[in-house]
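Numbering-wise, this note's numbering comes out as the position in the sequence shown, counting from 1, plus 382. Everything below concerns the one structure shown next.
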Amino acid sequence: MKTILRKRYLDRMIDLKDTPDIKIITGIRRSGKSQLMQAYVEYLQAHFNSANIIYVDYMDLAFEEIKEYHALHNYVEERYQAGKENYVFIDEVQMCPGFELAVNSLYAKRKYDIYLRNCK
């Protein structure tokens, strides 16, 4: 399958980098949301040595054990790195019941730039 880089959307994400809002990527299934998020992660890794990327993909069975909001919160907190820019990406966030509680708690700490992706 060919990946199409959607530069306009990527540029918009870059413009929103480090703003205090939680960024949410939504859209219909199979529209390239995960690829957009991955392209943005690659951009951060290529341009910012101080970027600490915390990535959760609930489509990956490796994250099965943190499909509970307390576990999600702890997973992110354990990966926080002081002195770095900490970016949190959660793909298929709706697969974690109560995710809003974890995300709101992380957001309140004001030490993460948070990006969520879900499907309509």
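Yeah, the Cβ is synthetic: ideal placement off N, Cα and C, and Gly gets one too. Since the model is a prediction, treat every value here as computed from it, not as a measurement.
- If only uninterrupted beta strand (DSSP E) runs of at least 3 residues are considered, those enclosed by the segment 428 to 493 are 433 to 439 and 467 to 473.
- In terms of CA proximity to LYS493, ALA433 leads the group LEU418, ALA433 and ILE407.
- With respect to VAL438, LEU426 sits apart: the two C-beta atoms are not nearer than 8 Å.
- Residue range 389 to 397 is occupied by the alpha helix (DSSP H) that includes ILE396.
- The Cβ atoms of TYR469 and ASP495 lie closer than 8 Å to each other.
- Here the alpha carbons of ARG499 and GLU474 stand approximately 6 Å from one another.
- As the crow flies, the alpha-carbon of GLY480 is around 18 Å from that of LYS491.
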